[in-house]
Structures are given as structure tokens and as C-alpha cells.
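In what follows, a single structure is set out as C-alpha cells and then discussed.
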Amino acid sequence: MSKTRNNHYVPQWYQEGFFEPGRNTLAYLDLTPPQKTLDDGRVIRERDLFHAPTSRAFRQIDLYSTFFGTSVNDEIERHLFGDIDAKGSLAIRAFAGNDVGEWHLHFQKLFEYIDIQKIRTPKGLDWLRTQYPTMTQNELMVEMQGIRMMHCTIWTQGVREIVSAEDADVKFIISDHPVTIYNYAAPPAASMCTYPNDPTIALKASQTIFPLSRDYCLVFTNLEYANDPATGPLDKRTFARNYRNSMARTDAFIRTRKLSVREIAQINYVLKARAHRYVAAGRKEWLFPEKTITETWAELRETLLPPKEQLWHFGGEIFARFESGDAYYQDQFGRTEKERDFLKKQPANNPRPGDWCGCGSGRRFNGCCELKPTSLRPTWTEASIRERNMMLYNGLVNVLGLEPDKDWVTVRRELTDEKISLIYQLYEGLWPLETDLLHLLPKPDGFTRGVFTGSLHPDTIADFALGASLYLGEMIVEHPFLHAGTVKKEFSPVDNPRSYRQETIKTLVFFLTVMPLIERGLINLVPDPCIFDSHLRDQMFRMAQLRSAGTTVNDLREDKQFKELARQEFQRSLLMLSQEDLRSQLLRFSPKLEKADIERALQAAELLKEQDPLAVLQPGSLGGGKTGGQFNLMKLAPNFEMTLYLAQATGSFIVTDNIFRWNEIRRAVRRRGVPLNGNLSGLANSIESSTFAFPQNVPDIGTLASDKAFTSYPALIRNAFKYLTRSGGEAKPNYEGHLTARFVRTHSAVQSFIRKAGVTTQSAKISCAFPLGGVQDNSVNRLLLMSSSERHLPSSPMAFLIQAAESQLQK
150 MSKTRNNHYV PQWYQEGFFE PGRNTLAYLD LTPPQKTLDD GRVIRERDLF
200 HAPTSRAFRQ IDLYSTFFGT SVNDEIERHL FGDIDAKGSL AIRAFAGNDV
250 GEWHLHFQKL FEYIDIQKIR TPKGLDWLRT QYPTMTQNEL MVEMQGIRMM
300 HCTIWTQGVR EIVSAEDADV KFIISDHPVT IYNYAAPPAA SMCTYPNDPT
350 IALKASQTIF PLSRDYCLVF TNLEYANDPA TGPLDKRTFA RNYRNSMART
400 DAFIRTRKLS VREIAQINYV LKARAHRYVA AGRKEWLFPE KTITETWAEL
450 RETLLPPKEQ LWHFGGEIFA RFESGDAYYQ DQFGRTEKER DFLKKQPANN
500 PRPGDWCGCG SGRRFNGCCE LKPTSLRPTW TEASIRERNM MLYNGLVNVL
550 GLEPDKDWVT VRRELTDEKI SLIYQLYEGL WPLETDLLHL LPKPDGFTRG
600 VFTGSLHPDT IADFALGASL YLGEMIVEHP FLHAGTVKKE FSPVDNPRSY
650 RQETIKTLVF FLTVMPLIER GLINLVPDPC IFDSHLRDQM FRMAQLRSAG
700 TTVNDLREDK QFKELARQEF QRSLLMLSQE DLRSQLLRFS PKLEKADIER
750 ALQAAELLKE QDPLAVLQPG SLGGGKTGGQ FNLMKLAPNF EMTLYLAQAT
800 GSFIVTDNIF RWNEIRRAVR RRGVPLNGNL SGLANSIESS TFAFPQNVPD
850 IGTLASDKAF TSYPALIRNA FKYLTRSGGE AKPNYEGHLT ARFVRTHSAV
900 QSFIRKAGVT TQSAKISCAF PLGGVQDNSV NRLLLMSSSE RHLPSSPMAF
950 LIQAAESQLQ K
């Protein structure tokens with residue numbers, strides 16, 4: 150079978166829709182025709198305007214080919230695009246007509262075709278390349294398929310209009326990038342429009358223009374902008390989620406406008422201005438709309454705005470009931486829950502430098518967001534992550550009746566199932582499933598922060614993760630609370646609280662331990678992003694399975710920390726046995742025990758339960774029946790993909806105390822064929838040969854963080870971070886030597902300071918990863934694209950492993 154290597158990125162059947170009646174060619178204009186140097190030194194431009202059949206236009210050799218050694222594969226052209234084009238051609242014809250039944254039948258196929266047409270052009274593929282640090286042709290083809298359907302949800306939630314050129318003497322033209330994005334505030338010379346970029350469709354005033362044929366053009370407009378053209382054109386639309394299940398009316402298309410010659414020329418002007426190299430039309434004179442257009446770029450929006458009186462077709466709320474009896478709700482932005490007013494904030498206008506920052510960080514404005522552009526600020530219009538954690542803490546104080554004179558034993562004895570249910574309802578209330586978490590997270594803004602990945606257990610979190618904030622800056626840690634909205638009703642802690650007695654105590658101890666550092670801004674306790682994005686969760690699981698194919702969890706089970714935690718959890722499960730069951734177990738293993746010995750053992754078990762702050766004190770917690778047993782999580786989180794996702798989204802490095810996770814990081818670096826410490830090797834050697842004292846008590850960490858002696862450490866890490874992100878692979882030996890010398894001075898002074906402070910510490914060693922190009926995986930960059938993230942790093946520049954140097958605590 151012959152190979153199809155000359156790939157049409159604008160299909161021939163689509164081009165044929167722009168033929169003039171009775172013709173089988175189009176007029177093509179090369180916007181950057183090749184130049185030729187003659188023998189006499191003169192430089193001439195080759196022909197820029199020509200007529201040609203569709204077989205000779207909008208094509209490029211091996212645009213979609215994949216290569217395996219000397220073998221060339223054309224399956225993407227033949228199978229993927231062959232199927233999409235076959236369905237797309239039917240959809241285009243359907244929406245050029247007036248049969249609403251055909252619209253319904255081909256609705257999804259239309260959006261699928263337009264989405265892939267946006268990516269499959271040379272400009273689209275060049276844009277996709279820029280989203281990844283490095284990319285081979287084969288990897289590019291994988292990622293192109295991986296992000297399919299990325300634009301469909303936002304398009305279907307907007308205003309859909311088909312404008313007509315039927316009655317005009319000028320028709321629509323076609324470009325080599327037919328799916329064109331117009332934003333009146335982003336002219337072609339704007340930085341966000343620099344090739345191969347276009348304004349993202351998630352911006353409020355971004356409109357998508359797609360000619361269906363010479364006579365019809367489809368225009369998508371975000372609903373907020375259509376309703377209020379004065380809204381911020383470069384602001385992101387509300388709840389800009391790329392992938393989600395959403396309900397839309399398939400018959401809602403505005404088809405009332407028949408454009409004038411001038412209006413058609415204005416649209417053609419936009420199509421030509423955003424083309425890469427070629428445009429085509431039924432007649433050559435239509436290829437020069439700029440000859441008649443006098444309006445500025447911004448003024449062209451008047452033609453593209455949908456008619457105000459027709460907007461009633463779109464937006465509003467949808468209520469549906471299914472045969473099962475289940476009900477469905479959706480608002481105008483696709484959210485399936487109503488907004489919670491108590492989470493909204495009214496941002497202060499023009500805050501003074503000394504005012505508290507509107508982002509809710511707990512810092513003053515001049516030390517937080519004052520110098521950041523709006524695009525790098527967390528939202529000011531919703532309660533921040535820190536503020537929600539403080540609200541959660543205040544709620545827990547009320548539910549548990551936490552008072553200074555109430556000991557933890559009493560709190561545990563009074564932890565009823567009703568209280569457990571209320572606790573998880575409170576957490577779910579603060580974190581609706583329709584939360585836009587990226588809106589709340591910090592951005593890559595130059596602040597020093599790390600993402601911690603490791604054991605989320607109250608017995609281990611204080612070993613190194615909390616103290617790391619003294620050395621490395623703010624730590625982003627995954628929230629320990631289970632979200633009730635992510636589990637089936639019968640397994641929910643709200644509806645089945647008895648099974649969550651053990652897990653609730655662990656979670657409470659973890660949260661209450663960390664809370665003082667959350668308030669101080671040293672720890673940022675964030676929910677798992679997958680809670681709010683089922684597509685992200687599914688993709689992450691699939692990627693993790695592919696990455697770990699052929700491996701086992703034996704490495705994790707052999708981890709000493711994991712084994713010790715598992716042993717303790719097993720002991721606690723035994724202590725939850727009823728007196729009768731525990732007596733039976735004792736007699737089973739020691740049949741000769743006297744009655745008095747058994748009673749003393751039972752009393753000792755009760756004492757052990759009281760002394761163990763994580764033990765359940767309510768009897769019957771392991772009762773039988775449908776709701777028997779205890780739900781008990783052992784979390785090593787976030788996983789590798791979500792750790793890197795958070796690190797790149799927030800401009801962070803990675804911190805772990807777990808060798809299993811560290812080995813995953815090292816494998817990711819090794820797959821790219823670069824050394825673990827290809828950068829800053831001198832600093833890495835100095836750090837790895839040093840011993841660090843980690844305070845073990847939260848109050849001590851807070852006290853030390855207030856002393857200016859510790860300010861030099863995060864500043865050093867920040868400088869190293871900036872160096873790694875900006876060096877571009879070019880080593881600067883003098884600066885690297887400077888950073889190493891700074892570390893030696895800083896480390897000596899800080900360790901001496903801690904010793905003199907007389908606080909309880911644990912000695913640790915830190916391993917470093919400063920790889921060239923950072924810690925990176927293409928699948929994670931794909932996750933970020935899928936999540937509508939626009940301000941993230943291409944990789945995480947560095948990672949650290951913290952491990953105990955000694956088994957004994959030092960004083």
C-alpha cells in the first residue's frame with residue numbers, strides 16, 4: 150500500500166465549498182512568497198497569486214507522518230483524519246441547511262471537526278509544540294490526539310450564530326488556519342498574537358470564526374461578552390472548563406443575519422490577518438479585503454457581535470429529570486451547583502500598601518500582590534484557600550466544642566456520628582465540586598514555594614514537611630479531608646459516619662496540627678485538584694497506569710515509614726474490637742491465660758487507647774452489618790503526575806520525604822537522558838554533604854520563622870530557582886559558585902542558631918535534583934492544557950528529598 154505523505158491540513162472537500170459555480174479551482178494568495186536570488190545578485194519574489202485545484206493547496210509533506218527508524222507511518226492521515234473528515238463533511242453540509250433534525254444528528258460531529266481543524270494546521274501544530282519544552286514529531290502526534298475536543302465545551306456554552314453571504318456579491322474566503330480567533334482587544338501586533346499564538350477562547354471577548362462555505366460563516370461568542378460588550382475583554386470567562394459533561398440545545402443557532410458586502414469584507418479581513426501563509430477564495434479580488442476596510446481592529450467587533458434580541462436562545466438555567474428519577478441542574482456556565490454566596494468577596498478598590506491583601510494570603514498588599522500583574526494574582530472575588538481553611542477551623546471548633554480546658558481524650562469520647570457527618574458537610578460546603586481551583590492557587594509569581602508529596606499522616610507530617618518551610622519557603626500540602634461529594638452515597642462520611650471514626654480522628658489531628666502554620670502562610674493546605682475535575686482525574690489515573698506498567702508496589706511496601714505506619718494502624722484496629730471480641734482473641738493466642746490476666750490486658754488496652762491520640766474510643770466501631778468496618782486511608786499524595794501538575798501550575802519545586810516518590814522523580818529525569826544534577830552541581834554537593842536540623846514542634850517552627858535569621862534560606866532557594874528557570878541551559882560558573890558560597894555561610898549560621906534555640910529537632914540529609922530542563926513529563930503538560938491553565942511553568946526546575954540522618958531526636 151502506498152503511503153500518504155503529502156498531507157492536506159485543510160481538506161479538499163472543505164475547500165470545494167468555496168468554489169464559484171461552474172469552477173473547480175480557487176484563487177490562492179501566498180502572504181510570504183519565497184524569494185530567489187538571481188545570478189546577478191538581484192533578489193526577486195516568486196509568484197504570490199495563483200489559481201490551482203484543491204489537490205495542490207493547503208498541504209505539507211509529512212505533517213502527520215510518524216517515524217520508526219526508516220519506516221514511515223501514515224495511519225494518522227488515513228484513519229484518524231479520514232474518519233473525522235468523513236463525519237465533518239456531513240456536519241458542515243447539515244449546518245449549511247435548515248433541517249433542525251440534521252443539526253441534532255450532527256451537532257457533536259460539527260464541534261469535533263472544528264476542534265481538530267484548529268489544531269491540525271501548521272500554525273496549530275506549531276502552537277502545540279510551544280506548550281512543551283521539547284517535542285519530537287512522534288510525540289507531537291501523540292499530544293495532538295491527546296488534547297482532542299479541548300475547545301468543544303466552551304464553544305457549546307456560548308452564543309452560536311451562522312451569518313450568511315447569500316445575497317452579497319462578495320463571499321467568505323478561506324485561510325490556512327480556518328478556525329480563527331478574534332478578540333477586539335488583541336490586534337495582530339499584540340504580544341499574545343505573536344505567531345503561533347492566538348488569544349485563548351476562554352477570554353471573555355474572544356470570538357471564534359469558522360467559514361462553513363462561501364455563503365455561510367459560523368461565529369461563536371462567549372455569553373458574558375454577548376450580554377455585556379463592555380465587560381473586560383481579556384478577563385477569563387466564568388468557569389472556563391475545557392472538559393466536562395454539559396447539556397446544550399442542539400437547535401439553538403442564530404441564523405437571521407444576511408451580511409452586506411462591507412461586513413463580509415470585515416470578516417475576511419480578520420481571517421486573512423490571522424492566517425499563517427495562505428488564503429484562498431472563489432475570486433482573486435476577494436483576497437484583498439484590506440483595500441476597502443478603514444475600521445480599526447477594535448471597531449470590527451460591531452459586525453461580529455450577535456444580535457441582542459436573539460440572545461434569549463442561550464444561557465439561563467437547565468432543569469432535567471431522568472427516567473431513573475434523578476434530577477439534573479445546570480447554570481449558564483455549565484456548573485451543576487448553585488453558587489455559594491458566603492464564599493464570595495467584594496474586593497477592595499485601590500488598596501493602600503499597608504492594607505491586608507485582597508487575595509486572602511494574610512500578608513500586606515505591598516508584600517504580596519501589589520507588584521504582580523492581575524494575571525499572576527489569585528482571585529480577589531472568592532474566599533481564598535487560606536480563608537477557607539480558617540473557616541473550616543472555626544467550624545470545627547464549634548462542632549467539636551474545642552475549648553482550652555478540654556483535653557483530646559474528651560474530644561474523642563464526644564465525637565459522635567452526628568458530629569462526624571457535620572464535619573464532612575462543612576468541608577464539602579467550603580469546597581463545592583464546581584470550584585475553579587486554578588483560580589485560587591498561586592501562580593508562578595516569583596515567590597518561593599514547594600509542593601510536598603509524601604505520607605499525609607499526622608504521625609509523620611511534622612518530621613520534615615512542616616519544618617521544610619523554614620528552609621525552602623511556603624509548602625503546598627494536599628488537604629487530608631475526604632470530599633463527601635466524590636464517593637457514592639452509601640459510602641459517604643455524611644451518610645455513613647460510623648465507618649469514618651478512625652479516619653476522622655486522623656484527619657482532625659493532621660489539620661489541627663498544621664493549622665497554626667496555615668494561618669502564618671507557611672503551609673498552604675490545598676484540596677486534590679481531581680476533586681473538581683473528573684476528566685483530570687480520569688486522565689491522571691490513565692497516565693499513572695501507563696507510567697507504572699510492569700512495576701509493582703513492593704517498593705512502597707518495603708518502605709520503612711510505610712511499614713511502621715501500617716503496623717500502628719493494625720494495632721489501632723485491634724484496639725477497636727469490643728471487649729468480648731478482644732477477650733476471644735487473647736484466649737485464641739494464649740488459651741492458658743487466667744481470668745485476672747485477661748482483665749488486666751483489657752484494662753491495658755483501654756489505657757493504650759486513651760494514650761494514643763489517633764485511637765477511636767467509641768465502642769462498637771467495628772460492628773458488623775452493611776456499615777461495618779472502618780474506612781482507613783494510607784495516603785502517599787499527591788501522586789507523581791499531580792505533584793508535577795501543581796508544581797508547574799504554581800511555579801514551585803518539589804519536596805518529598807519518601808524514597809518511592811523520589812525514585813519516580815529520578816526515573817522521569819532519566820527518561821529524558823539528562824543527569825540528575827546537570828545544573829548547580831556545586832550547590833547540590835554542598836547541600837547533600839550537610840546535615841539539617843528540623844524542628845519537630847509546630848510552635849517552634851512558628852517562632853523560628855519569625856526570626857530574620859531564617860530569611861536568608863528561602864532567598865537563596867528563590868535565586869537558585871530563578872537561575873534554573875532562566876539559564877536556558879547556559880551555565881554561569883561564577884554565579885553558581887556564588888550560590889554555593891552563600892549556602893555554606895547561611896547553613897552554618899542557621900544551624901548554630903537552631904542549636905542555641907534549644908528546640909527539639911530531628912537531623913536530616915537532603916538530596917537534590919537540578920536537571921537540565923527541570924523535572925518534566927509531557928503527559929503533565931497535557932493535563933495543564935486540558936485544565937485551561939495558561940500561566941504555568943514548562944517544568945519544575947528542581948526537587949528535594951529529605952530523609953532522617955539519625956533515628957534519635959536531638960535536643
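Heads up: take any position in the sequence shown, counting from 1, add 149, and you land on my numbering.
Glycine included, C-beta positions come from ideal geometry on N, C-alpha and C.
Remember, predicted model here, so these are calculated numbers, not experimental data.
Rounded straight-line distance, which links the Cα of residue j to that of residue i
i    : j    : result
K871 : N828 : 12 Å
R501 : A898 : 36 Å
L590 : S524 : 12 Å
A833 : D325 : 49 Å
N156 : A913 : 57 Å
P337 : Q495 : 35 Å
F892 : L865 : 7 Å
D608 : Q717 : 10 Å
N346 : I442 : 24 Å
P160 : T387 : 34 Å
N807 : G273 : 40 Å
E226 : P438 : 33 Å
L873 : V924 : 11 Å
G509 : L277 : 35 Å
M935 : L714 : 36 Å
S238 : Y177 : 22 Å
Local Cβ density within 10 Å of residue i, reported as buried at 16 or more and exposed below that
i    : result
G774 : At G774 the pLDDT is 42, less than 50, meaning the model places this residue with poor confidence; the figure from the coordinates comes in the next sentence. It is exposed - the Cβ of G774 has fewer than 16 other Cβ atoms within 10 Å.
W461 : exposed
N812 : exposed
T349 : buried
Y794 : buried
S928 : buried
D554 : exposed
P642 : buried
T219 : exposed
I193 : exposed
V249 : exposed
S944 : buried
L420 : buried
D856 : exposed
Selection from the options that minimises the alpha carbon distance to residue i
i    : options                : result
Q356 : H300, S362, A798, A698 : H300
R470 : Q479, G464, P676       : Q479
D682 : P740, L735, L582       : L582
T656 : K709, F369, P183, F780 : F780
K712 : L695, H606, R269, Q694 : H606
L212 : K709, Y158, Q952, I951 : Y158
G831 : L782, T889, P844       : T889
D612 : A953, Q164, Y542, I241 : A953
A201 : E755, K555, F167, L545 : F167
E261 : L950, A240, T279       : A240
S710 : R810, A764, T874, E251 : The sequence given here places Gln at residue 710; Ser does not occur at that position. Q710 has its Cα closest to that of R810, out of R810, A764, T874, E251.
S938 : P824, N391, Y374       : N391
A633 : E668, I610, P676       : P676
L695 : D926, L615, L785, P848 : D926
L492 : N499, T528, S835, R426 : T528
G670 : R512, T530, M540, V818 : R512
Rounded distance between the beta-carbons of residue j and residue i, thought under 8 Å
i    : j    : result
V428 : T370 : Going by Cβ atoms, the distance from V428 to T370 rounds to 23 Å, so no, they are not a contact pair.
P787 : E627 : 5 Å
A796 : V663 : Not really, about 20 Å apart at Cβ, beyond 8 Å.
L771 : L825 : The pair is not a contact, with the Cβ atoms about 46 Å apart (cut-off 8 Å).
Per DSSP, the bridge partner or partners of residue i
i    : result
D179 : Y427
K385 : L352
G827 : Answer by DSSP bridge pairing: none, since G827 is not bridged.
W505 : R513
R470 : A476
E310 : V368, I403
A913 : F841, A953
N673 : I625
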